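> Residue numbers (our numbering): 555 to 665.
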């Protein structure tokens, strides 16, 4: 998947079965996320970034396509996307519903 942040509040990920997930660090470099069994990864989403006044930045991440022998293995990832109820006020500018709808329109325009 191309580099992106998740629209939701938080994303909770049990470690995937194979490597490939990377996060963009403050140093603007890509860092591999470990996929050791038992790890739990929590990504901050765009809604939490908005609700915190950008104090907590959204986790920009991507998934690399494997090469070589890794290309023959399946990578299973089971993210849990947490969304507040639609009437929750995120900021002075948005409720969850307003924010979500605006972001979805932005994504539709990128096709």
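For every residue, glycine included, the Cβ atom is placed at its ideal position computed from N, Cα and C. These numbers come from a predicted model, not from an experiment.
Taking the alpha-carbon of residue 631 as reference, which of 606, 591 and 639 has the nearest alpha-carbon?
By 1-based counting over the chain shown, the position of residue 631 is 77. The candidate whose alpha carbon is nearest that of residue 631 is 591.
> Once the 5 residues before and after residue 654 are set aside, which same chain residues still bring their CB inside 6 Å of it?
Counting from one through the chain shown, the residue named residue 654 turns up at place 100. Result list for residue 654: empty, nothing under 6 Å.
> Can you tell me whether residue 581 is helix, strand or coil according to DSSP?
Counting from 1 along the chain shown, the entry for residue 581 is found at position 27. Coil at residue 581, not helix or strand.
> Can you tell me whether DSSP reads residue 586 as helix, strand or coil?
Working through the chain shown from its first residue, we reach residue 586 at position 32. The three-state secondary structure of residue 586, taken from DSSP, is strand.
> Measuring CB atoms only, is the segment 648-662 touching the segment 617-631, in the sense that at least three cross pairs come out at less than 8 Å?
no
> Less than 8 Å between the CB atoms is what I'm expecting for residue 582 and residue 615, so what's the real figure, rounded?
If you number the chain shown from 1, residue 582 lands on position 28. If you number the chain shown from 1, residue 615 lands on position 61. About 14 Å; that fails the 8 Å criterion.
> My understanding is that residue 566 touches residue 594, with C-beta atoms under 8 Å, so please give their C-beta distance in whole angstroms.
Taking the first residue of the chain shown as 1, we reach residue 566 at position 12. Taking the first residue of the chain shown as 1, we reach residue 594 at position 40. Sure, about 7 Å apart at Cβ, within 8 Å.
> Please name the residue in 643, 579, 573 and 634 whose C-alpha comes closest to that of residue 606.
By one-based count along the chain shown, residue 606 stands at place 52. The candidate whose alpha carbon is nearest that of residue 606 is 643.
> Starting from the C-beta of residue 613, find all residues in its chain whose C-beta is less than 7 Å away, skip the five residues before and the five after it, and write them out in chain order.
Within the chain shown, numbered from 1, the residue matching residue 613 stands at position 59. Around residue 613: 559, 577, 597 and 598.
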